[in-house]
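K.L.:
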Amino acid sequence: MKKFILRTVVTLICCFLIVLAFALWPTSTPPLNADQHALDNPELVQKGRYLATLGDCAACHTQSGSALYAGGAAIQSPIGGIYPPNITPDKENGIGEYTLDDFARAMRNGIRKDGITLYPAMPYPSYSRLSDDDITALYAYFRYGVEANATPNKPTDIIWPLSTRWPLAIWRKLFAPEDVAFDAARYHDAKIAQGAYIVEGLGHCGTCHTPRDFTLKEQGLDNSSPTYLAGGQVIDGWFVPSLLNNAEGLKHYSAEDIVATLRTGRTAKHVVIGSPMNDVVINSSSMWNTDDLEAVAAYLKSLPESKSEATAPVAVVSQESDQVLNEKARMAFAYQKSCSYCHESNGQGEADIFPALAGNNTVLAPNPQSVIRIILDGYDVPTIDSKQIPMRMPYFRDRLSDKEIADIVNYIRGSWGNQASMVTPEQVKQIRLEHK
1 MKKFILRTVV TLICCFLIVL AFALWPTSTP PLNADQHALD NPELVQKGRY LATLGDCAAC
61 HTQSGSALYA GGAAIQSPIG GIYPPNITPD KENGIGEYTL DDFARAMRNG IRKDGITLYP
121 AMPYPSYSRL SDDDITALYA YFRYGVEANA TPNKPTDIIW PLSTRWPLAI WRKLFAPEDV
181 AFDAARYHDA KIAQGAYIVE GLGHCGTCHT PRDFTLKEQG LDNSSPTYLA GGQVIDGWFV
241 PSLLNNAEGL KHYSAEDIVA TLRTGRTAKH VVIGSPMNDV VINSSSMWNT DDLEAVAAYL
301 KSLPESKSEA TAPVAVVSQE SDQVLNEKAR MAFAYQKSCS YCHESNGQGE ADIFPALAGN
361 NTVLAPNPQS VIRIILDGYD VPTIDSKQIP MRMPYFRDRL SDKEIADIVN YIRGSWGNQA
421 SMVTPEQVKQ IRLEHK
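Sequential numbering from 1 applies to the sequence shown in the UniProt record's numbering.
(1) Going by beta-carbon coordinates alone, are Ala58 and Leu51 separated by less than 8 Å?
(2) State the Cα-Cα distance for the pair Pro394 and Ile374, rounded to the nearest angstrom.
(3) Is it the case that the stretch 130 to 145 contacts the stretch 76 to 96, given that we only count it when at least three CB pairs across the two stretches are under 8 Å?
(4) Report yes or no: do the stretch 231 to 245 and the stretch 338 to 356 share at least 3 C-beta pairs separated by less than 8 Å?
(5) Please classify Ile389 as buried or exposed, where buried requires at least 16 neighbouring CB atoms within 10 angstroms.
(6) What are the uninterrupted segments assigned as alpha helix (DSSP H) that are 4 or more residues long and contained completely in the stretch 69 to 157, given in chain order?
(7) How big is the Cα-Cα spacing for Leu221 and Ala329?
(8) In the structure shown, what three-state DSSP assignment does Tyr395 receive?
(9) Indicate the three-state DSSP secondary structure (helix, strand or coil) for Val317 in the structure shown.
(10) Looking at the structure shown, is Tyr187 part of a helix, part of a strand, or coil, going by DSSP?
(11) By how many angstroms is the C-alpha of Arg399 removed from the C-alpha of Val381?
(12) I need the boundaries of the alpha helix (DSSP H) containing Val371, first residue and last residue.
(13) Just list the alpha helix (DSSP H) runs in the stretch 195 to 226, keeping only unbroken ones of 4 residues or longer that don't cross its boundaries, in chain order.
(14) By DSSP's criteria, Arg266 is part of a beta bridge. Which residues make up the other side?
(15) Exposed or buried, what is Gln194 when buried is set at 16 or more other beta-carbons lying within 10 Å of its beta-carbon?
(16) Considering only C-alpha positions, which residue in the set Thr267, Ala295, Pro368, Pro226 is nearest to Glu305?
(17) If contacts are defined as beta-carbon pairs under 8 Å, then Ile431 and Ile372 qualify, I think. What distance do you get, rounded to the angstrom?
(18) Sort Pro276, Lys191, Ser224, Thr267 by Cα distance to Val234 and report the nearest one.
(19) Going straight from the alpha carbon of Asn223 to that of Ser370, what length do you get?
(20) Can you grab the Cα-Cα spacing for the pair Gly133 / Ser77, in whole Å?
(21) For the alpha helix (DSSP H) containing Ala169, name the first residue and the last one.
(22) Touching or not, the stretch 147 to 165 and the stretch 120 to 137, by the rule of three or more beta carbon pairs under 8 Å?
(23) May I ask which residues mark the beginning and end of the alpha helix (DSSP H) holding Cys57?
(24) In whole angstroms, what separates the C-alpha of Asp114 from that of Gly414?
(25) Would you give the residue range spanned by the alpha helix (DSSP H) that Tyr253 belongs to?
(26) Taking Cβ to Cβ, would you say Asn153 is nearer than 8 Å to Gly249?
(27) Using C-beta distances below 6 Å, list every residue in its chain close to Lys251, excluding the 5 sequence neighbours before and after it, in chain order.
(28) Which partner residues of Glu350 appear in the DSSP bridge assignment?
(29) Per DSSP, which one or two residues make a beta bridge with Asp380?
(30) Where do the N-terminal and C-terminal ends of the alpha helix (DSSP H) with Val409 fall, by residue?
(31) Relative to the C-alpha of Gly349, which residue among Thr383, Met391, Glu327, Asp385 is closest?
(32) Measuring straight from C-alpha to C-alpha, what distance separates Pro368 and Val423?
(33) Evaluate the contact criterion for the stretch 278 to 288 versus the stretch 335 to 343: three or more CB pairs, one atom per stretch, below 8 Å.
(34) What number of angstroms, rounded off, separates the C-alpha of Pro161 from the C-alpha of Pro177?
(35) Between the C-alpha atoms of Leu216 and Ile87, what's the straight-line distance to the nearest angstrom?
(36) Alpha carbon to alpha carbon, what distance is there between Pro155 and Gly274?
Written out as structure tokens, the structure is:
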């Protein structure tokens with residue numbers, strides 16, 4: 001028996017060492033072979049600046065009130081806060097000692113200059129498909145177009161032993177994709193291929209909008225997976241919608257609507273919902289060129305018109321009891337009292353000012369998290385230029401009870417042709433407590 005136990009322990013240790021050696025084995029990538037001195041080129045730096053805006057790099061790597069790219073605020077993960085590092089050309093705290101190949105390895109493979117694996121909060125699975133030219137332009141920008149800043153990097157809030165880095169190398173080897181160039185030939189139209197390159201690559205839209213499995217791996221990195229961009233998870237307290245062409249996604253958006261939403265945060269009927277997406281519009285997509293915006297819209301509208309099974313329709317009652325009629329009257333009264341002034345009695349809102357609630361994908365979302373949060377805490381709609389009227393959805397946290405908010409949510413999710421599952425006051429109470 002003792003020999004059996006000893007053999008088992010030795011076997012497990014050997015297996016562990018083999019897996020560890022496999023994970024820590026250097027990842028080789030072809031050198032880019034660019035002339036380091038030729039990178040200090042104004043046109044190349046300017047191209048890299050636009051690409052960094054396209055990828056919204058500042059969103060993670062710049063903390064509010066701090067120097068550009070000097071390090072970001074915590075990204076909350078299931079095991080604790082992760083602080084995006086300083087990526088200015090500072091030699092001690094930033095990436096000033098990175099060569100172009102070091103930079104490419106970090107972008108495509110998630111490996112720092114010192115060989116340590118980055119947390120997958122860095123969307124290197126998406127960046128793995130960036131072209132050599134775009135990697136080179138980004139490096140030129142961060143090396144020569146960004147001011148060096150000596151802000152030290154913050155350690156994670158993850159407790160030991162979960163804070164050790166070597167398991168990340170195993171995760172990367174098992175779950176991160178191979179460094180494969182983007183294949184435009186997969187797409188039947190050049191414009192759609194251009195949009196796919198942005199959405200699947202530098203735009204890293206799937207990082208939020210694609211569900212993850214229990215290993216935290218994205219369930220798909222392109223539209224060959226049926227769950228790619230299908231949404232459904234909650235991030236930072238906001239329900240992430242589908243970007244597919246279903247009722248909870250972009251079915252009611254035209255390509256022009258998508259362009260307008262990315263450029264201004266609003267269309268005649270829709271507005272961007274959720275603080276993270278607000279930041280994307282303000283700091284990134286509002287500055288994309290028209291050609292890229294139209295390409296992204298063309299790609300998103302080319303995705304399948306998948307039918308979601310997550311939204312349960314409201315039951316139709318042929319002969320409604322007095323109790324049901326009284327409940328409907330109470331819900332309608334709650335809506336009319338608090339919401340109809342802006343959104344109208346028919347739920348159509350006011351074009352370019354107050355969004356329509358009829359057919360609204362946030363209202364119809366399988367998970368009512370976002371619409372409840374908006375009613376509780378209000379919402380600032382992005383204001384990109386002086387032609388737009390500043391919009392602020394007022395908060396009702398202190399004015400309405402859990403029951404009243406549930407009545408409003410149920411009314412708008414079951415009126416004007418909307419059909420979505422009902423919510424309870426207990427759900428409202430839970431979200432109220434989680435987001436004080």
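We put the beta carbon where it would ideally sit given N, CA and C, even for glycine. As the structure is a prediction and not an experimental result, all values here were calculated from the model.
P.N.:
The structure says:
(1) Against a cut-off of 8 Å, the Cβ pair of Leu51 and Ala58 comes out as no contact.
(2) Whole-angstrom Cα-Cα distance: 9 Å.
(3) The stretch 76 to 96 vs the stretch 130 to 145: in contact.
(4) A contact is defined here as three or more CB-CB pairs under 8 Å, and the stretch 231 to 245 fails this definition with respect to the stretch 338 to 356.
(5) Sixteen is the threshold: since fewer than 16 other Cβ atoms of the shown chains lie within 10 Å of the Cβ of Ile389, the residue is exposed.
(6) Taking only runs of at least 4 residues, the alpha helix (DSSP H) segments lying wholly in the stretch 69 to 157 are 100 to 109, 124 to 127, 132 to 144.
(7) Those two C-alpha atoms are separated by around 46 Å.
(8) It is coil, neither helix nor strand.
(9) Note that Val317 has pLDDT 42, beneath the 50 cutoff, so the model's placement of it is unreliable and the number below is only indicative. The answer is coil: DSSP assigns Val317 none of H, G, I, E or B.
(10) Of the three classes helix, strand and coil, the one that applies to Tyr187 here is coil, per DSSP.
(11) Val381 and Arg399: Cα-Cα distance of roughly 21 Å.
(12) Segment 369 to 377, the alpha helix (DSSP H) holding Val371.
(13) List check, alpha helix (DSSP H) in window: 206 to 209.
(14) Beta-bridge annotation (DSSP): Arg266 is paired with Val271.
(15) Classification for Gln194: buried.
(16) If we check each option's Cα against that of Glu305, Pro226 comes out closest.
(17) About 5 Å separates the beta carbon of Ile431 from that of Ile372, a gap short enough to meet the 8 Å contact definition.
(18) The residue with the shortest Cα to Cα distance from Val234 is Pro276.
(19) Spanning the two alpha carbons is a distance of roughly 26 Å.
(20) Residue 133 is actually Asp in this sequence, not Gly. In a straight line, the C-alpha of Asp133 is about 32 Å away from that of Ser77.
(21) Boundaries of the alpha helix (DSSP H) around Ala169: 166 to 175.
(22) Taking 8 Å as the limit for Cβ pairs, the verdict is that the stretch 120 to 137 does not touch the stretch 147 to 165.
(23) 57 to 61 is the extent of the alpha helix (DSSP H) around Cys57.
(24) C-alpha separation (whole angstroms): 56 Å.
(25) Annotation for Tyr253: no alpha helix (DSSP H) segment contains it, and DSSP assigns it neither H nor E.
(26) In this structure, Gly249 does not lie closer than 8 Å to Asn153 by Cβ.
(27) Closer than 6 Å at Cβ, skipping near neighbours: Asn245.
(28) According to DSSP, Glu350 shares a beta bridge with Phe354.
(29) The partner list for Asp380 (beta bridge, DSSP) reads Arg392.
(30) Where Val409 is concerned, the enclosing alpha helix (DSSP H) starts and stops at 402 to 413.
(31) Looking at Thr383, Met391, Glu327, Asp385, the one whose alpha-carbon comes closest to that of Gly349 is Met391.
(32) The C-alpha of Val423 is placed about 7 Å away from the C-alpha of Pro368.
(33) No: fewer than three Cβ pairs fall under 8 Å.
(34) Computed Cα separation, rounded: 26 Å.
(35) Taking C-alpha positions only, Leu216 is separated from Ile87 by approximately 25 Å.
(36) In a straight line, the C-alpha of Gly274 is about 28 Å away from that of Pro155.
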